[in-house]
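Asks: Positions 3 to 671 (the numbering used here) are the ones given, in order, by the sequence shown.
Cβ coordinates follow ideal geometry from the N, Cα and C atoms, glycine included.
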Amino acid sequence: MSEVLWRPPADVRQRTRIGGYLAWLERTRGLRFADYRQLWQWSVDDLAGFWESIWDYFEVVGQQPVEQVLADRRMPGAQWFPGARLNYAEHVLRAPGLAEGAPVVIAHSQTRAPVTLTVGQLRDEVRRVRAGLRRLGVGPGDRVAAYAPNIPETYVLMLATASLGGIFSSCAPEFGTRSVTDRWQQIEPTVLVAVDGYRYGDKSVDRRAEVAAIADALPSARHRVLIPYLSAEPSAAPSWATSTWEALAAPTDEPLTFDPVPFDQPLYVLYSSGTTGLPKPIVHRHGGILLEHLKMLALHHDLGPGDRFFWFTTTGWMMWNYLASGPAVGAAIVLFDGNPAVSAAPGGPASPDLGTLWRLAAETGATYFGTSAPFLLACRKEGLVPRRIADLSRLRGVGSTGAPLPAQGFTWVYQSVGEDLQLTSLSGGTDVCTGFVGGVPLLPVRAGEIACRCLGARVEARAADGRTVVGELGELVITEPMPSMPVGFWNDPDGSRYRQAYFDRYPGVWCHGDWITIAEDGSCAITGRSDATLNRGGVRLGTAEFYSVVEALPEVADSLVIHLDDPQGGAGELLLFVALRAGVGLDDALRTRIVRELRSALSPRHVPDGIHQVAAVPRTLSGKKLEVPVKKILTGVPAGQAAAAGALTDPAALAPFIRFAQDRGTPVG
């Protein structure tokens, strides 16, 4: 057992939302559970009973009475709540527990002054934009695409689209033209809404040329709406624009209504990273997303009226969609658009500052602070102590996702952020738009451990021979359906792409592509992608273990580990690439230290055959390391086939790996 860093208070069942849910289950269903483990077991054994309880407990508004919860539990193709009709946007804008004049959207930006919307103002904005979309002919099934950052307009547009039964899709404006068109040419939107640019720190980024190219590549987008974000008062509308946000949101007497749609009606399309081939267009449904997010935000994150929920994200990452559901449980949401590593007022100079988001939390009164594991580790490496630079007394929860958070990251949070908060390491994916392993207020927080499998998610570990294993490394699988599993992929009429993505390896079982170890008590550890396997002498090693050790060294800014298989069946070759801090070079002394740390902290099997310096580790726009594409490049796959440049934060970061392969005599196209 790892060190316990936080324990639930003695009155946890009296003070938390999951405690209220347990009391409700006992009062209305006659169900009593001694602990979380018993509750989880019931939630995955009696799927219909559990998900019906979520519907009833959160008082979901449906146009038809629920007669059946799960008509078919096969995967893929499970049928949830057949005949039910509802609308996701209605439940978000209901904002239970919040008064009409209470703040519900608090938006800060490095491009313009802060914006706050009350519940009444948000409803009115959605009402007017809904009417504007109707004037453009948007109805059920029509796609509305937003090339826009994490600002209130994007949020309003998503809710207005959903209220009509339309289908929303967003790309962050840092996405390049090819990256955007690869996504949107697949779904053929009828409306394109785009900003003219944005500021990142003190750098102005003009995107007018990119939007023009995107508009030209989307003949389906008959209506093109400009949000003047970088230039609040543009001298002239660009040639690609047919309207403006002001016109879309023009005053109207049209009331705010919500079109009831089937439970499986597409709500939005999210995308895989698109590092190899076209990004997979993952279609999520109104009902599944609503139930899943109600469960997670209220019962696992303990969010409700009075909370202010922040997660640092862009509109190109599923965490934006996760954050967007906050008001459905009565929590206000905090939006941020800009560079999280610098301080910069709109229009002012910038300076390096990893305290920016922590100060934002203090200024906005955030009670929940969500971010990525790399950000927390970067703060730790800088020696930052957020509680000394910002008043974080309101903070009750910290969330971490995007990569496994090692034990030292947990310890840093409790030493430097706060002792009395619940830290949740969350893992899931765009594929389900949620986390299926994470934390819960009923369980302690232990350094380096994910506390539990989430309610309703039957997560298991599978050995190579297909056995379910406990206490051993295995392939992460989900053996029972979840409502937030996708409807399918867009333009995949026979479902073949969807089945190939998740169900080919174990028919009828979702195979996620991560390595997981599940302990006897239900706690978990994710140790990297299974498709980036490191196989040393027949022993599978997780990449996350390498990174936690190597990146703890003060000289190392980032790292990437790759295992090249031996076609003759030998041990293969383990290569470690390190990006070092400014002014540091890779010499024999540092190589020796890295080897010593890996050998002592992990094992002799973890010692790489070669250690090489690179300027930067290539990452996707959502921050994922490109383990598989780099492995392909090192084995001779042409770079253009191994990774799509438009899906990377810095396409030039691949160049050293291409040269490395060529220097070794491996031809790379």
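1. On the premise that GLY625 lies in contact with SER374, defined as a C-beta separation below 8 Å, what is that separation, rounded to the nearest angstrom?
2. Three or more C-beta pairs closer than 8 Å, one from the segment 290–309 and one from the segment 198–207: is that the case here?
3. DSSP on THR156, reduced to helix/strand/coil?
4. If contacts are defined as beta-carbon pairs under 8 Å, then GLY411 and LEU428 qualify, I think. What distance do you get, rounded to the angstrom?
5. Quick one: measure Cβ to Cβ for SER525 and ARG448, integer angstroms, because I've assumed they're closer than 8 Å.
6. Using a Cβ-Cβ cutoff of less than 8 Å, which residues in the same chain neighbour SER353 once the five nearest sequence positions on both sides are dropped?
7. Which residues bound the alpha helix (DSSP H) around TYR508?
8. Determine the DSSP secondary structure at HIS110, reduced to helix, strand or coil.
9. According to the neighbour-count rule (16 or more other Cβ atoms, all chains shown, within 10 Å of its Cβ), is GLU63 buried or exposed?
10. Within 10 Å of its beta-carbon, does ASN493 have 16 or more other beta-carbons around it, so buried, or fewer, so exposed?
11. Which first and last residues belong to the beta strand (DSSP E) in which HIS565 is found?
12. Starting from the N-terminal side, write out each stretch of the alpha helix (DSSP H) that is 4 residues or longer and does not extend beyond the segment 382–463.
13. Is THR529 helix, strand or coil by DSSP?
14. Check the C-beta distance from ARG389 over to SER418 and give it rounded, since I have them as a contact under 8 Å.
15. Under 8 Å, with one C-beta from each stretch per pair, do the segment 109–128 and the segment 73–81 reach the 3-pair mark?
16. Can you say whether VAL479 is buried or exposed, counting buried as having 16 or more other CB atoms within 10 angstroms of its CB?
17. Measuring CB to CB, does PRO175 end up less than 8 Å from ARG145?
18. Looking only at its own chain, which residues have a Cβ that is under 8 Å from the Cβ of ARG137, when we skip the five neighbours before and after it?
19. Given this structure, state the Cα-to-Cα distance separating SER532 from ALA459, to the nearest angstrom.
20. How many angstroms separate the CA atom of ARG621 from the CA atom of PHE177?
21. Which runs of the alpha helix (DSSP H) spanning at least 4 residues fall entirely within the segment 33–79, listed in chain order?
22. If distances are taken between C-alpha atoms only, which option among VAL46, THR259, SER181 and VAL121 comes closest to ASP652?
23. For the putative contact between ASN89 and SER165, defined by C-beta atoms under 8 Å, what is the C-beta separation to the nearest angstrom?
24. Give me the residue from VAL285, VAL158, VAL193 and ARG595 with the minimum Cα distance to VAL673.
25. Can you find at least 3 beta carbon pairs, one from the segment 468–475 and one from the segment 450–459, that sit closer than 8 Å?
26. Pick out whichever of PHE438, PRO307, ARG598 and MET487 has its Cα sitting closest to the Cα of ASP673.
27. Looking only at its chain, what residues have a beta carbon closer than 7 Å to the beta carbon of TYR59, apart from the 5 residues adjacent to it on each side?
28. Measure the CB-CB distance between GLY515 and GLY530 and report whether it falls below 8 Å.
29. Does the Cβ of ARG287 have 16 or more other Cβ atoms within 10 Å, making it buried, or fewer, making it exposed?
30. Cβ of THR481 within 8 Å of Cβ of GLY437?
31. Give every residue of the same chain whose Cβ lies closer than 7 Å to the Cβ of TYR549, excluding the five residues on either side of it in the sequence, and list them in chain order.
32. Helix or strand or just coil, what does DSSP make of THR244?
33. Assess, as a yes-or-no matter, whether the segment 88–105 is touched by the segment 116–130 under the definition of 3 or more beta carbon pairs within less than 8 Å.
34. Please state the DSSP three-state secondary structure of LYS626.
35. Taking the straight line between their C-alpha atoms, what separation do you get for ASP496 and SER233?
36. ARG210: buried (16+ other C-beta within 10 angstroms of its C-beta) or exposed?
Replies: In this structure, then:
1. Taking the first residue of the sequence shown as position 1, residue 374 is located at position 372. Taking the first residue of the sequence shown as position 1, residue 625 is located at position 623. About 6 Å; that satisfies the 8 Å criterion.
2. no
3. Residue numbering aside, residue 156 sits at position 154 when the sequence shown is read from its first letter. It is helical.
4. Taking the first residue of the sequence shown as position 1, residue 411 is located at position 409. Taking the first residue of the sequence shown as position 1, residue 428 is located at position 426. About 13 Å separates the two Cβ atoms, so there is no contact after all.
5. Taking the first residue of the sequence shown as position 1, residue 525 is located at position 523. Taking the first residue of the sequence shown as position 1, residue 448 is located at position 446. The Cβ separation is near 7 Å, so the contact holds.
6. On the sequence shown, residue 353 is found 351 positions in, with the first residue counted as 1. Here the set comprises VAL344, SER345 and ALA346.
7. For the purposes of this step, residue 508 is taken as residue 506 along the sequence shown, with counting starting at 1. First-last for TYR508: undefined, no H or E at that position.
8. Along the sequence shown, one-based indexing puts residue 110 at 108. Strand at HIS110.
9. Looking up residue 63 in the sequence shown gives position 61. Looking at the sequence itself, residue 63 is Val, so the reference to Glu does not match. By the neighbour-count rule (16 or more Cβ atoms within 10 Å), VAL63 is not buried but exposed.
10. Residue mapping note: residue 493 aligns to position 491 of the sequence shown, counting from 1. The residue in question, ASN493, is exposed, as its Cβ has fewer than 16 Cβ neighbours within 10 Å.
11. For this step, residue 565 is matched to residue 563 along the sequence shown. Element bounds for HIS565: 558–566.
12. 388–391 and 409–418
13. Within the sequence shown, residue 529 is the residue found at index 527, counting from 1. Strand, per DSSP.
14. Translated into positions along the sequence shown, residue 389 becomes position 387. Translated into positions along the sequence shown, residue 418 becomes position 416. That pair is a contact at about 6 Å.
15. no
16. Translated into positions along the sequence shown, residue 479 becomes position 477. With 16 or more Cβ atoms within 10 Å of its Cβ, VAL479 is classed as buried.
17. Mapped onto the sequence shown, residue 175 falls at position 173. Mapped onto the sequence shown, residue 145 falls at position 143. Their beta carbons are not under 8 Å apart, which means PRO175 does not touch ARG145 by this criterion.
18. Taking the first residue of the sequence shown as 1, we reach residue 137 at position 135. Result list for ARG137: empty, nothing under 8 Å.
19. Walking along the sequence shown from the start, residue 532 turns up at place 530. Walking along the sequence shown from the start, residue 459 turns up at place 457. Rounded to whole angstroms, SER532 to ALA459 spans 20 Å at the Cα level.
20. By one-based count along the sequence shown, residue 621 stands at place 619. By one-based count along the sequence shown, residue 177 stands at place 175. Near 13 Å, if we compare the C-alpha coordinates of PHE177 and ARG621.
21. 38–47 and 49–59
22. By 1-based counting over the sequence shown, the position of residue 652 is 650. Comparing Cα positions, the closest option is SER181.
23. Here the question's residue 89 lines up with position 87 in the sequence shown. Here the question's residue 165 lines up with position 163 in the sequence shown. The Cβ separation is near 6 Å, so the contact holds.
24. The requested residue 673 is not part of the displayed model; the chain covers only 3 to 671.
25. no
26. In the structure as shown, the chain starts at 3 and stops at 671, and residue 673 therefore has no counterpart that could be examined.
27. For the purposes of this step, residue 59 is taken as residue 57 along the sequence shown, with counting starting at 1. Same-chain partners within the cutoff: TYR23 and TRP26.
28. Reading the sequence shown from its first residue, position 513 is the one you call residue 515. Reading the sequence shown from its first residue, position 528 is the one you call residue 530. No, they are not a contact pair.
29. Counting from 1 along the sequence shown, the entry for residue 287 is found at position 285. Looking at its Cβ environment, which holds 16 or more other Cβ atoms inside 10 Å, ARG287 is buried.
30. The count along the sequence shown starts at 1 and reaches residue 481 at position 479. The count along the sequence shown starts at 1 and reaches residue 437 at position 435. Cβ distance not < 8 Å, so THR481 and GLY437 don't count as in contact.
31. Numbered from its first residue, the sequence shown carries residue 549 at position 547. These residues qualify, in order along the chain: SER561.
32. As a working note, residue 244 is residue 242 in the sequence shown. In the structure shown, THR244 sits in coil (DSSP, three-state: anything other than H, G, I, E or B).
33. yes
34. Position 624 of the sequence shown, counting from 1, holds the residue named residue 626. Three-state result, LYS626: coil.
35. Residue mapping note: residue 496 aligns to position 494 of the sequence shown, counting from 1. Residue mapping note: residue 233 aligns to position 231 of the sequence shown, counting from 1. Whole-angstrom Cα-Cα distance: 46 Å.
36. Counting from one through the sequence shown, the residue named residue 210 turns up at place 208. Classification of ARG210: buried, given that the 10 Å Cβ count is 16 or more.
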